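Participant: Note that full-length UniProt numbering gives residue 81 to position 81 of the sequence shown, counting from 1, and the numbers run on in steps of one.
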Amino acid sequence: MKLEKIYDGMAKAGEIIDKNLNTIVSEFQKTDTNWVDIPLLNGVSGNVKVRKINNQIFLNIYVVPKKAGTTDDCDIAKLPENFRLTGLFTSGASFPISTNSITDLGTIHINSDGIIRVWKSPNIGARHYLNTCWLAD
């Protein structure tokens with residue numbers, strides 16, 4: 001990205017500032033994928049969205065895994081290749097443990113093959129929420 005220098009006393013400094021800001025916005029838009037919906041697996045309901053801005057990846061998960069009443073793992077979605085990590089990523093996910101909206105933590109794993117998995121959650125049939133981000137390799 002090439003920006004034009006602004007000098008003290010420059011006659012058209014305002015125009016150059018506008019031009020530079022337009023250049024920055026244009027470059028930013030080239031590196032932003034916007035939110036991408038990820039298809040769900042195994043009868044999971046809800047949504048998984050991912051976004052990449054420069055080398056930062058944002059993930060938003062709101063899902064109800066299908067295996068209600070079990071503590072089994074459940075693969076919920078698979079990230080496209082351009083959003084994947086080179087190693088395992090693990091994070092806590094909140095979910096309600098009763099009707100009074102008290103939350104507890106389950107675990108969500110993201111594998112290097114892109115599989116997003118709710119891992120042996122004590123309440124696999126509940127809504128699971130996760131918002132996280134990481135730097136792309």
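We put the CB at the ideal spot given by N, CA and C, even for glycine. Predicted, not measured: the structure shown is a model, and the values here were computed from it.
Count the other CB atoms, across all protein chains shown, that sit within 10 Å of the CB of A136; report buried if there are 16 or more and exposed otherwise.
Facilitator: exposed
Participant: Less than 8 Å between the CB atoms is what I'm expecting for L41 and A13, so what's the real figure, rounded?
Facilitator: Actually they are not in contact, since the Cβ atoms of L41 and A13 sit about 55 Å apart, beyond 8 Å.
Participant: Quick one: what's got a C-beta closer than 8 Å to I57's C-beta in the same chain, skipping five residues either side?
Facilitator: Same-chain partners within the cutoff: V50, R51, F83, C133, W134, L135, A136.
Participant: Closest to M1 by CA distance: which of A11, E15, T23 is it?
Facilitator: T23
Participant: Give me the Cα-Cα distance between K19 and Y7, rounded to the nearest whole angstrom.
Facilitator: 15 Å
Participant: Who are the near neighbours of S91 in its chain, counting only those whose CB is closer than 7 Å to its CB and skipping five residues on each side?
Facilitator: Closer than 7 Å at Cβ, skipping near neighbours: I108, L130, T132.
Participant: Would you list the one or two residues that DSSP bridges to F89?
Facilitator: I110
Participant: Within the same chain, show all residues whose beta-carbon is closer than 6 Å to that of I61, passing over the 5 residues directly before and after it, in chain order.
Facilitator: V48, L130
Participant: With a 10 Å radius around its C-beta and 16 neighbouring C-beta atoms as the bar for buried, classify P80 as buried or exposed.
Facilitator: Counting C-beta atoms within 10 angstroms of its own C-beta, P80 has fewer than 16 neighbours from the protein chains shown and is therefore classed as exposed.
Participant: Using C-beta distances below 6 Å, list every residue in its chain close to I115, excluding the 5 sequence neighbours before and after it, in chain order.
Facilitator: Excluding residues up to 5 positions away in sequence, D75, K78 lie with their Cβ nearer than 6 Å to the Cβ of I115 in the same chain.
Participant: Residues in the same chain with beta-carbon distance under 7 Å from E27, minus the five sequence neighbours each way, listed in chain order, please.
Facilitator: M1
Participant: From this set, D73, K66, G106, N111, which residue's C-alpha is nearest residue 155's C-alpha?
Facilitator: Only positions 1 to 137 of the chain appear in the structure, and residue 155 is not among them; the question remains open.
Participant: By the three-class DSSP mapping on this structure, what secondary structure does I17 have?
Facilitator: helix
Participant: Is V118 helix, strand or coil when you go by DSSP?
Facilitator: strand
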